[in-house]
Each structure stands twice: as C-alpha cells, then as structure tokens.
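**Student:** One structure follows; several queries about it will come next.
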Amino acid sequence: MSRVGVVMVAVYGLLAVVMPLLIASGWLPDPNSGLENPTFAPPSLAHWCGTDRLGRDVCVRTMAGAGVALQVVLLAVAMALVVGVPLGMVSGYMGGPVDRLLVLLMDTLTTLPLLLLAVVMAFLLGRSLLNAALALCVVYIPQYFRMVRNQTAAAKAELYVTAARSLGAGPLWILRRYLLRNVITSVPVLITLNAADAVLVLGGLGFLGLGLPETVPEWGSDLQQALVAVPIGIWWTALYPGLAMFGLVLGLSFLGEGVDAWLSRSEIIGRAER
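Here is the structure:
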C-alpha cells in the first residue's frame with residue numbers, strides 16, 4: 192500500500208510542479224479563462240474533460256487544483272506540527288499548572304466538530320491560501336499535542352532522563368536532546384492521515400464558499416458550481432474534480448498505512464535486536 196500511495200501522491204506532486212510551468216508557457220490555457228469556449232461543452236478532443244458553466248476547461252482546472260490543494264494541506268500540517276509538538280512536549284514534561292492549562296485549551300478545541308471549527312476559523316480569517324491553511328492548522332494542533340504529550344509524560348520517567356537531570360541538564364536540553372527523538376516516531380503516520388483528512392476539509396470549505404478566492408482553481412468550489420448542472424445531465428463538471436479529490440485522499444491514506452506498518456515492523460525488529 193505504501194508503494195501505491197507513494198506513486199499516487201508523486202503524480203499529484205508532479206502536477207503541482209508542472210502545471211504552473213505549462214500554463215505560464217502557454218501550452219495550457221489559463222484555468223480562469225473561458226469566454227472564448229462554449230459553456231457546458233461535453234468532453235472532446237479540444238477539451239478532454241469538457242467545460243463548465245463559464246466555459247473554463249475542466250481538465251486544466253482539475254489538474255491545477257492539485258497544486259493548490261497540496262500547498263494548503265502541507266502548509267497547514269506543517270504549522271500544526273510546529274505548534275503542536277513543542278506544546279505537547281512542554282506540557283508532558285513540565286506537568287502541574289502548565290499541563291492542566293494546555294490540556295484544558297486543547298480539550299476545548301477538541302470538543303468542537305472538526306469541520307465546524309474549520310468553518311468558523313475560515314469565516315473569521317477570510318478567503319486566502321494562507322488563511323485556509325491557518326483554519327486547517329487550528330483543527331489539527333490538538334491531535335499532535337495529545338499524542339506528543341502522552342509520550343513525553345511516559346518518557347520523562349526513563350533512566351536516561353533521570354541521569355541527564357542529575358548531571359545538571361536543563362529542561363530545554365533534555366527536551367531537545369533526549370525526548371524529541373523518542374516522541375517524534377509516531378508523528379509521520381499522523382501527518383499523512385491528517386493530510387488526507389485536510390484535503391476533504393479544504394474541499395468542504397470550498398464547497399461552502401469559505402475556502403480560497405474565486406480566482407484560484409479549487410476542487411470544492413468547482414463541485415459547488417457543478418450542482419446546478421448535474422440534474423440536467425452535465426456530469427463532467429462534477430466527476431473529474433471529485434475523482435481528483437478521491438485519488439489524493441486515497442493515496443495519502445495508503446501512504447499513512449504503509450508508514451504505520453513500516454514503523455511497527457522497525458520497532459519489533461529493534462526490540463528483538465536489543
């Protein structure tokens with residue numbers, strides 16, 4: 192599954208790199224241009240995936256949306272990782288009032304439904320690529336915090352931490368030198384799973400009109416615009432963005448399952464060698 196996931200995600204990554212170059216060089220039309228094209232044209236040699244209600248090429252918009260989705264999702268997951276992991280380590284190691292305050296804050300965020308929290312944040316921040324990433328970032332910070340906090344709280348009682356503390360090592364040194372490498376092992380799995388989930392949440396925000404600006408090709412907004420056409424038999428405006436979103440989520444899920452199996456196998460081998 193990991194190999195299939197790597198191949199699928201690599202295809203989307205290649206599209207994210209190649210599409211801006213092809214559009215800028217004129218090999219492909221601009222995703223927002225369509226006045227010269229017929230509206231709701233069915234798939235043909237001129238337009239492989241047809242055109243939408245504004246005459247825009249569905250194929251070009253779908254492929255350009257891959258780069259946009261990866262940018263937003265990777266930025267959101269990276270920000271959640273940068274914020275959630277340090278907070279979880281500090282909370283698990285320090286304990287006491289600091290731990291209780293951070294746990295209360297994260298539990299408050301966790302009680303809210305994921306999509307609802309993202310919708311509220313996107314509504315407050317406005318429509319832009321960075322704001323969409325921030326809205327998704329807030330959703331996933333508690334997951335990294337909780338996982339890292341629990342592992343840090345268990346690891347700080349180990350003998351090597353006690354020995355380092357007895358030799359005069361400070362909390363910052365212990366966290367960076369000894370605990371980080373031990374609590375970060377499960378993070379790659381969570382990254383891939385969160386990325387797959389973030390693709391769907393971003394699509395939901397775009398479907399509700401709260402994701403990215405209208406000039407940015409995005410699968411969720413394209414699906415929302417396709418609603419008026421599907422009942423009259425114009426299926427291509429909804430099929431291809433939906434398949435693109437499904438493929439990226441499936442590839443990231445396969446990659447996450449593969450990474451989880453690989454880490455579990457490595458841990459078993461390490462225990463056997465010890």
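If you're matching positions, the sequence shown starts at 192 in my numbering and goes up one per residue. Note that beta-carbon positions come from the ideal geometry of N, C-alpha and C, so glycine has one too.
(1) Could you check the C-alpha separation between L180 and A348 for me, to the nearest Å?
(2) List the endpoints of the continuous alpha helix (DSSP H) containing L327.
(3) Kindly give me the distance between the Cβ atoms of V268 and A387, rounded to whole angstroms, as I take these residues to be in contact under 8 Å.
(4) Residue range of the alpha helix (DSSP H) that N373 falls in?
(5) Say whether the region 286–293 touches the region 256–276, bearing in mind that this needs 3 or more beta-carbon pairs closer than 8 Å, one atom from each stretch.
(6) Between the region 330–346 and the region 412–425, can you find at least three pairs of beta-carbon atoms closer than 8 Å?
(7) Along the alpha helix (DSSP H) that carries D243, what are the first and last residues, could you check?
(8) What first and last residue would you give for the alpha helix (DSSP H) that runs through A354?
(9) So, with DSSP's three-state summary, where would you put D413?
(10) Going by the DSSP bridge assignment, what does D248 pair with across the sheet?
(11) Using the beta-carbon count (16 or more within 10 Å), is L363 buried or exposed?
(12) Kindly indicate which three-state DSSP category A269 falls into: helix, strand or coil?
(13) Take I375 as the anchor and find which of G400, A389, R337, L401 has the nearest alpha-carbon.
(14) Does the Cβ-Cβ distance between L393 and A260 come in under 8 Å?
**Tutor:** Quick answer:
(1) Here the chain covers residues 192 to 465 and nothing more, so residue 180 does not appear.
(2) By 1-based counting over the sequence shown, the position of residue 327 is 136. First-last of the alpha helix (DSSP H) with L327: 320–346.
(3) Here residue 268 refers to the residue found at position 77 when the sequence shown is read from its first residue. Here residue 387 refers to the residue found at position 196 when the sequence shown is read from its first residue. Their Cβ separation, rounded to whole angstroms, is 10 Å, which puts V268 and A387 out of contact at 8 Å.
(4) Taking the sequence shown and counting its residues from 1, one reaches residue 373 at position 182. Residues 371–374.
(5) no
(6) no
(7) Residue numbering aside, residue 243 sits at position 52 when the sequence shown is read from its first letter. No alpha helix (DSSP H) contains D243, which DSSP labels as neither H nor E.
(8) Taking the first residue of the sequence shown as 1, we reach residue 354 at position 163. First-last of the alpha helix (DSSP H) with A354: 350–357.
(9) Translated into the one-based positions of the sequence shown, residue 413 becomes position 222. In the structure shown, D413 sits in a helix (DSSP, three-state: H, G or I).
(10) Here residue 248 is taken as the residue at index 57 of the sequence shown, counted from 1. DSSP output for D248 lists T242 as bridge partner(s).
(11) To locate residue 363, count along the sequence shown from 1; it is residue 172. Label assigned to L363: exposed.
(12) Mapped onto the sequence shown, residue 269 falls at position 78. Three-state result, A269: helix.
(13) On the sequence shown, position 184 is the one that residue 375 refers to. Measuring from the Cα of I375, the nearest candidate turns out to be R337.
(14) One-based indexing of the sequence shown puts residue 393 at position 202. One-based indexing of the sequence shown puts residue 260 at position 69. Closer than 8 Å, so yes.
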